[in-house]
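Numbering (my numbering), first residue to last: 7 to 585.
We treat Cβ as the ideally placed atom computed from N, Cα and C, and that holds for glycine.
All figures in this text were calculated on a predicted structure; none of them were measured in a lab.
To keep things clear, I will list the structure first and then write my remarks on it.
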Ligand code: WT7
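Here it is as structure tokens:
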């Protein structure tokens, strides 16, 4: 028998009170009509997020930044409009054209948020890179995206960008935050440019299909994939945030994700702003005491976080939540990795609320599957598809992929065409097309659906590693390791971990003449961390004398993983093991 967590009567009427009815009544035209739309008839994310509320509620707080030093900095909708109009003016002054790529590499500081929305206002494409990336992931992504502008901090510039600058020919303008008099040669002061800029009067006349946001994600092989999203995504950002996160205008909302990942943009910026909801942005890193304190002191009502963070809070014990007042919390949701049933139950005990799992991907641009505020929770289930979204479980039947009956496992597929669906993998048309079969988008996840329509996550269909909700491409790590003269070959897998779900583990064949010793291990670890950054570098390195490979020469990561776990090796018919 399935376990069910029953919910009491809601404090506020859920935004999606009647699922069946909302599905029956759903139409994309109605969803679209809920947006303001540009005065000239187009659609622009920044206009929906900023201008709309800057007119109706200028003094309302859009973002409350909790700075590293402890200061609290409020940015109102009027302030956000002024800042973003100035940033758009800066881009205008630099000659940045619609569709050009503007990158950001920064922590969760106000300038990042202003740059994101100012770029969209200007009609250029915004891409935020995770500040914990090392120079190598930064270089590959900026090269694929051909970034013309980069917004960053002086410290990140010096450490990570200056060393690779000569290999980024498309990068014309580096805009640095902070003290205008401390900008190294070849950079401009964002502070000064913003002061001197003429704010642009209106948002660019973008249309629904014009490119807006670029997010990188990792595949099993090859380079990272640049998933491109259009301004029309805002239709779904707004609606899915309202439905899946149960956002009401009076909420105080905290999304803990960094804008270096899709969650931090779709639901850390666009979702709350387009719903007129105040967001908390914490610049600091994870820390149990501080996180509980933020929930209490900022009177957070809706909280969107990740299973890894929840598992760390569980570890930190019950004394911390008991010492704070969490009575204002009304809805808690998570994304990025499977949410263990234990964590859902822990939520009831520690926070007074169960955790609502949600499912989506960089490619989907927004939440497609969720446990809804109005429904009881079946711990372990991802939830059901939101109204407007159709999912299928596709199973192999000979050469064909066909929708499978309830209970059967298969690949999770979504009927193509929702507005926040990615529109391209930048410069990789064939790779994009391979994601679609007939009218289905193939997610690369394995799942099953039960007779009640709930979807259950089974695993990934590929070798991509999920470490703390961040996807890591094994190929990117293998390539970096093999650049080190001490490594001849490398195979990289995700090793199960009780907190991070998986950690990156590398199997390395030492180069001829190098002993597989601690010195080499330390050298490789340091090298990988420096090049890739702590979010991507391996946590563990094991020396081996051979790596299992297919006859065509591909590392059989599946087999490495099975051996690591002591599992049956499965089909090894294509195996050609050689050193
Ligand atoms: C992959 C997408 C979109 C938010 C951040 C991740 C895994 C995501 C769940 C969930 C089990 C999940 C999937 C998916 N994933 N949500 N609720 N349960 N797995 O975006 O980096 O593109 O990763 O994360 O494997 O395909 P992403």
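Item to check | Collapsed DSSP secondary structure at residue 24 in the structure displayed | outcome: For the purposes of this step, residue 24 is taken as residue 18 along the chain shown, with counting starting at 1. The answer is coil: DSSP assigns residue 24 none of H, G, I, E or B.
Item to check | Of the residues 101, 228, 23, the one placed nearest residue 560, counting alpha carbons only | outcome: The count along the chain shown starts at 1 and reaches residue 560 at position 554. Taking only the C-alpha atoms, the option nearest residue 560 is 228.
Checklist entry - Among the residues of its own chain, which have a CB less than 6 Å from the CB of residue 319, if the five just before and after it don't count? => result Taking the chain shown and counting its residues from 1, the one referred to as residue 319 is at position 313. These residues qualify, in order along the chain: 294.
Checklist entry - Pairing CB atoms from the stretch 269 to 287 with CB atoms from the stretch 54 to 67, are three or more of them under 8 Å? => result With the cut-off at 8 Å, the stretch 269 to 287 and the stretch 54 to 67 touch.
Checklist entry - To which residues of the same chain is residue 585 closer than 7 Å at the C-beta, ignoring the five residues directly before and after it? => result The residue given as residue 585 occupies position 579 in the chain shown. Any reading at residue 585 must be qualified, since the residue scores a pLDDT of 38, below 50, and its modelled position is unreliable; the value itself is stated next. Within the same chain, residue 585 has close Cβ partners 515, 551, 552.
Item to check | Which of helix, strand or coil DSSP assigns to residue 470 | outcome: Counting from 1 along the chain shown, the entry for residue 470 is found at position 464. When secondary structure is reduced to three states using DSSP, residue 470 falls in the coil class, being assigned neither helix nor strand.
Checklist entry - So is the beta-carbon of residue 367 under 6 Å away from any non-hydrogen atom of the ligand WT7? => result By one-based count along the chain shown, residue 367 stands at place 361. Residue 367 Cβ: within cutoff of the ligand WT7.
Item to check | Residue of 84, 35, 484, 359 minimising C-alpha distance to residue 143 | outcome: Numbered from its first residue, the chain shown carries residue 143 at position 137. Among 84, 35, 484, 359, the Cα nearest to that of residue 143 is on 484.
Checklist entry - Cβ of residue 342 versus every heavy atom of the ligand WT7: is any distance shorter than 6 Å? => result What you label residue 342 is simply residue 336 of the chain shown in a count that begins at 1. Under cutoff, so the answer is yes.
Checklist entry - Around the C-beta of residue 558, are 16 or more other C-beta atoms found within 10 angstroms, so that it is buried, or is it exposed? => result Residue mapping note: residue 558 aligns to position 552 of the chain shown, counting from 1. Exposed is the call here.
Checklist entry - Going by C-alpha distance, which of 448, 429, 406 is nearest residue 421? => result Stepping through the chain shown from its first residue, residue 421 is reached at position 415. With respect to the C-alpha of residue 421, the residue from 448, 429, 406 having the closest C-alpha is 448.
Next on the checklist: Does the contact criterion of 3 or more C-beta pairs under 8 Å hold for the stretch 308 to 328 versus the stretch 351 to 367?
Outcome noted: Yes, they touch.
Checklist entry - Is residue 496 close to chain D, meaning its C-beta is less than 7 Å from at least one C-beta of that chain? => result The chain inventory of the structure shown lacks chain D, comprising one protein chain alone.
Item to check | Closest by C-alpha distance to residue 475, when choosing among 535, 264, 430 | outcome: Residue numbering aside, residue 475 sits at position 469 when the chain shown is read from its first letter. Minimum Cα-Cα distance from residue 475 among the listed residues 535, 264, 430 corresponds to 264.
Item to check | Close-in-space but distant-in-sequence residues of the same chain around residue 260 (CB under 6 Å, 5 per side omitted) | outcome: Mapped onto the chain shown, residue 260 falls at position 254. For residue 260, the CB contacts under 6 Å within the same chain, skipping 5 residues up- and downstream, are 286, 306, 309 in chain order.
Next on the checklist: Closest to residue 178 by C-alpha separation, out of 116, 235, 192, would be which residue?
Outcome noted: Against the chain shown, residue 178 aligns to sequence position 172. For the set 116, 235, 192, the Cα lying nearest the Cα of residue 178 is the one of 192.
Checklist entry - At which residue ranges does the stretch 140 to 214 contain complete beta strand (DSSP E) runs of 3 or more residues, listed in the order of the chain? => result As far as the stretch 140 to 214 is concerned, its whole beta strand (DSSP E) runs of at least 3 residues are 155 to 158, 179 to 182.
Next on the checklist: Please list the terminal residues of the continuous beta strand (DSSP E) segment that includes residue 502.
Outcome noted: Taking the chain shown and counting its residues from 1, the one referred to as residue 502 is at position 496. For residue 502, the enclosing beta strand (DSSP E) starts and ends at 493 to 503.
Checklist entry - Can you list, in chain order, the stretches of the alpha helix (DSSP H) that have 4 or more residues and sit fully within the stretch 319 to 405? => result The stretch 319 to 405 contains these whole alpha helix (DSSP H) runs: 325 to 328, 347 to 356.
Checklist entry - Any idea what DSSP makes of residue 584, helix, strand or coil? => result As a working mapping, residue 584 is identified with position 578 in the chain shown. Its pLDDT being 42, under 50, residue 584 is placed unreliably in this model, and the value from its coordinates should be taken loosely. In the structure shown, residue 584 sits in a strand (DSSP, three-state: E or B).
Item to check | Contacts around residue 520, its chain only, beta-carbon distance under 7 Å, and the 5 residues preceding and following it disregarded | outcome: One-based indexing of the chain shown puts residue 520 at position 514. In chain order, 492, 526 place their CB closer than 7 Å to the CB of residue 520, counting only its own chain and leaving out the 5 sequence neighbours on each side.
Checklist entry - Can you tell me the Cα-Cα spacing of residue 7 and residue 460, whole angstroms? => result For the purposes of this step, residue 7 is taken as the residue at position 1 of the chain shown. For the purposes of this step, residue 460 is taken as the residue at position 454 of the chain shown. Because residue 7 carries a pLDDT of 47, less than 50, the predicted location of this residue cannot be relied on, and no value is offered for it.
Checklist entry - Should the stretch 192 to 203 be called in touch with the stretch 83 to 96, which here means at least 3 C-beta pairs below 8 Å? => result Look at the beta carbons and you see the stretch 192 to 203 touching the stretch 83 to 96: at least three pairs across the two are nearer than 8 Å.
Checklist entry - According to DSSP, is residue 512 helix, strand or coil? => result Position 506 of the chain shown, counted from the start, is the residue given in the question as residue 512. Reduced to three states, the DSSP call for residue 512 is strand.
Checklist entry - Which full runs of the alpha helix (DSSP H) of 4+ residues lie inside the stretch 289 to 313, going along the chain? => result Those alpha helix (DSSP H) runs which fall completely within the stretch 289 to 313 and span 4+ residues are 294 to 303.
Checklist entry - Three or more C-beta pairs closer than 8 Å, one from the stretch 238 to 256 and one from the stretch 449 to 456: is that the case here? => result With the cut-off at 8 Å, the stretch 238 to 256 and the stretch 449 to 456 do not touch.
Checklist entry - Between the C-alpha atoms of residue 129 and residue 565, what's the straight-line distance to the nearest angstrom? => result Translated into the one-based positions of the chain shown, residue 129 becomes position 123. Translated into the one-based positions of the chain shown, residue 565 becomes position 559. In this model, residue 129 and residue 565 are separated by some 47 Å (Cα to Cα).
Checklist entry - Whose C-beta lies closer than 8 Å to the C-beta of residue 502 among residues of the same chain, with five residues either side of it excluded? => result Reading the chain shown from its first residue, position 496 is the one you call residue 502. Result list for residue 502: 508, 571, in chain order.
Next on the checklist: Considering only their Cβ atoms, is the gap separating residue 468 from residue 223 smaller than 7 Å?
Outcome noted: Residue numbering aside, residue 223 sits at position 217 when the chain shown is read from its first letter. Residue numbering aside, residue 468 sits at position 462 when the chain shown is read from its first letter. Remark: C-beta atoms of residue 223 and residue 468 do not approach each other more closely than 7 Å.
Item to check | residue 554 classed as buried or exposed, judged by whether at least 16 other C-beta atoms fall within 10 angstroms | outcome: By 1-based counting over the chain shown, the position of residue 554 is 548. Buried, by the Cβ-count rule.
Item to check | Where residue 443 falls: helix, strand or coil (DSSP) | outcome: As a position in the chain shown, residue 443 is number 437, starting the count at 1. The three-state reading of DSSP puts residue 443 in strand, counting E and B together.
Next on the checklist: the ligand WT7 and residue 244: does the residue's C-beta get closer than 6 Å to at least one heavy atom of that ligand?
Outcome noted: Against the chain shown, residue 244 aligns to sequence position 238. No, Cβ of residue 244 sits at least 6 Å from all heavy atoms of the ligand WT7.
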